[in-house]
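To keep things clear, I will list the structure first and then write my remarks on it.
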Amino acid sequence: MPLLTERTRHLHFNRMKINQNDLKIAVIGGSGKAGSAVVRQLLKDGYRLRLLLRRPEAFPLKDDRLEVIRGDLRDPEALPALLAGCSAVVSALGRPRGEKEPILSAATARVLAEMKRLGIRRYIVITGLTIAVPGDRKRFGYRFQSALMRLLFPGVIADKQQEYRLLSESEADWTLVRIAFLSPSPVAGALQARLDSPPGGKTGASDLAAFVSEQLFDTRYFRKAPFVANG
742 MPLLTERTRH
752 LHFNRMKINQ
762 NDLKIAVIGG
772 SGKAGSAVVR
782 QLLKDGYRLR
792 LLLRRPEAFP
802 LKDDRLEVIR
812 GDLRDPEALP
822 ALLAGCSAVV
832 SALGRPRGEK
842 EPILSAATAR
852 VLAEMKRLGI
862 RRYIVITGLT
872 IAVPGDRKRF
882 GYRFQSALMR
892 LLFPGVIADK
902 QQEYRLLSES
912 EADWTLVRIA
922 FLSPSPVAGA
932 LQARLDSPPG
942 GKTGASDLAA
952 FVSEQLFDTR
962 YFRKAPFVAN
972 G
């Protein structure tokens with residue numbers, strides 16, 4: 742499915758009577774490869790952002806619309822400070838190398854609880870293609886890749902699968918964006934989204950970021966887990 746054109750996207754926001762300049766988006770994992778691309782795209786699209794970073798001094802982007810909070814999702818005061826006054830949440834949180842705790846599902850549980858308390862409904866999460874979702878019909882190569890990942894990294898995949906379960910059982914308007922391989926360089930082919938099987942093996946970081954931005958207030962993939970790739 743092709744991305745919305747700029748004109749269609751503009752009309753979509755007019756219908757929703759949404760002014761991006763009046764909205765603040767909370768971003769988790771904004772310093773990673775996917776997260777930093779999302780931050781740049783959201784700033785380009787006119788949103789105000791609030792990021793939670795463990796090392797704000799190492800974050801290269803500077804912008805008057807970018808508010809940075811120093812902290813970790815495990816800090817009890819961090820999440821309320823991050824989400825207060827925000828209209829939506831985007832998570833590109835990765836699992837740190839050597840992390841043994843189920844950090845992704847634990848973070849999602851905390852985020853969902855705080856969103857419910859504050860009345861925030863929109864939550865977009867970026868994850869890998871190994872997560873199993875009802876209705877999946879992955880081609881053999883992707884099924885093999887998923888099985889291999891579950892064999893080699895059972896704790897990581899179990900953590901991500903639990904994250905999906907928490908989302909599916911929540912009342913939030915979530916979208917779980919599944920990608921195979923994220924490329925920092927542009928990838929040939931238009932970005933496509935499918936619900937049954939990955940449309941390609943690589944996803945350009947800038948294309949992924951544009952897709953995430955377009956989905957913030959688009960209901961097309963509410964409570965769904967699309968595969969996104971350049972195909």
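So the number in the working numbering is just where the residue sits in the sequence shown, counting from 1, plus 741.
Think of the CB as a built atom: it goes at the ideal place given N, C-alpha and C, for glycine as much as any other residue.
For clarity, every value in this text was computed on a predicted model and none was experimentally measured.
Pairwise C-alpha distance: glycine 770 and proline 976: Outside the displayed range of the chain (742 to 972) lies residue 976, so it cannot be described from this structure.
Inter-residue Cα distance where the pair is proline 817 and glycine 835: 20 Å
Boundaries of the alpha helix (DSSP H) in which isoleucine 844 is found, first to last residue: 844-859
Helix, strand or coil at aspartate 786 [DSSP, three-state]: coil
Rounded C-alpha distance that separates serine 924 from glycine 930: 13 Å
Simplified DSSP assignment, three categories, for threonine 960: helix
Through-space distance from isoleucine 867 to alanine 966, alpha-carbon basis: 10 Å
Chain-order list of residues whose beta-carbon lies under 7 Å from that of arginine 964 (same chain, five-residue window excluded): Asp914 and Trp915
Cβ pair serine 954, alanine 778 closer than 8 Å: no
Cross-strand partners of lysine 901 (DSSP beta bridge): Bridge partners of lysine 901: none, in fact.
Neighbour-count burial assignment, glutamate 904, 16 or more Cβ in a 10 Å radius: buried
Endpoints, alpha helix (DSSP H) assigned at arginine 884: 881-893
Classification of arginine 756 by the beta-carbon crowding that lies within 10 angstroms, buried from 16 upward: Bear in mind that the predicted position of arginine 756 carries a pLDDT of just 41, short of 50, making it unreliable; the figure below should be weighed with that in mind. Burial call: exposed.
Backbone CA spacing between phenylalanine 894 and glutamate 842 [nearest angstrom]: 13 Å
First through last residue of the beta strand (DSSP E) which encompasses alanine 970: 968-971
Reduced DSSP category for arginine 836 - H, G, I as helix; E, B as strand; rest coil: coil
DSSP state of valine 779 mapped onto helix, strand, coil: helix
Classification of threonine 944 by the beta-carbon crowding that lies within 10 angstroms, buried from 16 upward: buried
Residues sharing a beta bridge with phenylalanine 874, DSSP: At residue 874 the sequence reads valine, which differs from the phenylalanine that was named. Answer by DSSP bridge pairing: none, since valine 874 is not bridged.
Cβ-Cβ distance between serine 938 and arginine 880 below 8 Å: yes
Cβ neighbour criterion (16 or more within 10 Å) applied to proline 801: exposed
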